[in-house]
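Peer 1: Here's a structure for you.
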Amino acid sequence: MARGTIVIDVDRCKGCELCTTVCPQGILQMSQGGFNARGYRPVELVDPEGKCTGCTLCALICPDVVLTVYRYDPRRAQVVD
Amino acid sequence: MADRNEITQEMVLEQGNVVYQRPEALAETLTHYCPGCTHGIIHRLIAEAIDELGIREKTILVAPVGCAVLIYNYFDVDAVEAAHGRAPAMATGLKRTQPDKVVLTYQGDGDLAAIGTAEILHAANRGENISVFFVNNAVYGMTSGQMAPTTLPGQVTTSTPTGRDVKVHGYPMRMAEIIAGLPGACYVARRAVYDVRTVRQARKAVMTALKTQLAGLGLSMVEFLSSCPTNWHMTPVDALTWIKDNMAPYFPLGDYKVADEVQALQ
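Quick note, the sequences are listed as chains A and B, same order. Each residue of the first sequence is one higher than the one before, starting from 1 at the first, in the numbering used here. Each residue of the second sequence is one higher than the one before, starting from 1 at the first, in the numbering used here.
Shown next as structure tokens:
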């Protein structure tokens with residue numbers, strides 16, 4: 001299965017938590033540490049085991065286009081020597 | 001071939017493909033919408049469709065009055081602001097004078113289903129070649145959640161503190177069904193954005209509506225069941241469940257009119 005990750009535009013996040021409810025891997029959570037520039041608790045990716053598959057479900061439900069999703073499929077990657 | 005476990009996050013960022021990013025037609029501006037408001041999802045779906053069809057340079061968006069009144073700041077397309085409810089009338093003028101442009105209106109339930117009912121019905125009846133995106137969230141959002149024509153029976157709002165009584169206030173209006181009954185309307189659908197599946201279906205409907213206009217067939221309208229967590233006094237997550245459990249049964253999702261020519265486009 002492909003590996004993925006997301007880039008979070010932290011200051012766009014309004015802390016609505018919708019993405020945390022759709023993530024099949026359960027690796028999105030709201031920040032426990034602090035607030036963003038607009039005073040919301042932003043979402044965080046907690047993925048030490050590399051579970052993210054880049055499925056884009058979080059980005060599809062996000063009302064504020066906070067998330068950019070990357071996917072890397074080793075089976076399709078070009079070998080560069 | 002690298003083992004999946006050996007791939008680091010940096011490798012994904014450097015060598016992977018971007019599979020989801022902000023559509024070009026959506027400006028970088030931060031929106032004023034409340035947290036969890038699904039206006040943002042609907043904006044994004046329309047922007048994605050504009051990008052996919054490559055019509056950003058010839059799109060004119062007619063802004064409504066309501067929560068989406070500032071929509072011209074959020075889209076990177078040409079836009080004009082209409083008087084309350086009059087977006088279809090303004091869109092009629094724009095489209096008739098500039099038939100090569102793609103003219104969209106984006107209206108809420110106070111705009112389209114209350115003060116602007118006459119404009120949308122006559123625009124649809126004349127078969128104006130415009131696309132109408134109608135956001136139904138069952139309340140007047142901008143003015144703090146009063147009863148709208150689409151408020152559900154029994155629903156508590158700031159102007160119906162004991163719930164909407166249909167004997168006094170009448171019944172919620174099903175705009176998609178009404179407009180589908182007019183001969184000039186070519187494509188009329190109702191979609192929702194309460195989960196990933198419905199968001200995907202909504203995206204397809206937006207594409208069909210715009211293609212209908214590009215093919216010059218007549219009026220296309222997509223109604224979206226949308227959430228208003230602030231005025232419903234719910235969390236954003238609960239608000240999406242409320243759409244599914246309460247709004248969708250009264251306002252059934254589906255295609256209400258698909259002309260034969262539109263069917264051929266899909």
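Just so it is clear, CB atoms sit at the ideal spot from N, CA and C, and this is done for glycine as well.
For a contact meaning CB atoms closer than 8 Å, what does residue 41 of chain A contact in chain B?
Peer 2: Residues of chain B passing the Cβ test: none, with the nearest at roughly 10 Å.
Peer 1: Beta-carbon separation of residue 196 of chain B and residue 61 of chain A under 8 Å?
Peer 2: Residue 61 of chain A sits close to residue 196 of chain B, with the two beta carbons spaced by under 8 Å.
Peer 1: Would DSSP call residue 3 of chain B helix, strand or coil?
Peer 2: Looking at residue 3 of chain B - three-state DSSP - the assignment turns out to be coil, as it is neither helix nor strand.
Peer 1: Please name the residue or residues paired with residue 146 of chain B in a DSSP beta bridge.
Peer 2: B/140
Peer 1: At the 8 Å Cβ level, is residue 30 of chain A part of the contact set with chain B, yes or no?
Peer 2: no
Peer 1: List the residues of chain B whose Cβ lies closer than 7 Å to the Cβ of residue 16 of chain A, in chain order.
Peer 2: Within 7 Å Cβ-Cβ: 35, 36 and 236.
Peer 1: Could you give the distance in angstroms between the alpha-carbon of residue 183 of chain B and the alpha-carbon of residue 218 of chain B?
Peer 2: Those two C-alpha atoms are separated by around 10 Å.
Peer 1: Buried or exposed, going by whether 16 or more other CB atoms sit within 10 Å of the CB of residue 84 of chain A?
Peer 2: In the structure displayed, chain A extends from 1 to 81; residue 84 of chain A sits before or after that span and is not available.
Peer 1: In terms of alpha-carbon separation, which member of B/147, B/232, B/203 and B/111 lies closest to residue 43 of chain B?
Peer 2: B/203
Peer 1: Which residues of the stretch 11 to 33 of chain B have a Cβ closer than 9 Å to any Cβ of chain A? Give them in chain order.
Peer 2: 11, 12, 13, 14, 15, 16, 17, 18, 19, 20, 21, 22, 23, 26, 30, 31 and 33
Peer 1: List the residues of chain B whose Cβ lies closer than 8 Å to the Cβ of residue 61 of chain A, in chain order.
Peer 2: 41, 195, 196 and 199
Peer 1: According to DSSP, is residue 17 of chain B helix, strand or coil?
Peer 2: strand
Peer 1: Can you list, in chain order, the residues of its chain with a C-beta nearer than 7 Å to that of residue 156 of chain B? Leave out the 5 residues immediately preceding and following it.
Peer 2: 163
Peer 1: Can you confirm whether the stretch 167 to 180 of chain B touches the stretch 225 to 234 of chain B when touching is taken to mean that 3 or more C-beta pairs between the two stretches lie within less than 8 Å?
Peer 2: With the cut-off at 8 Å, the stretch 225 to 234 of chain B and the stretch 167 to 180 of chain B do not touch.
Peer 1: Taking only the alpha-carbon atoms, compute the straight-line gap between residue 255 of chain B and residue 13 of chain A and give it to the nearest angstrom.
Peer 2: 33 Å
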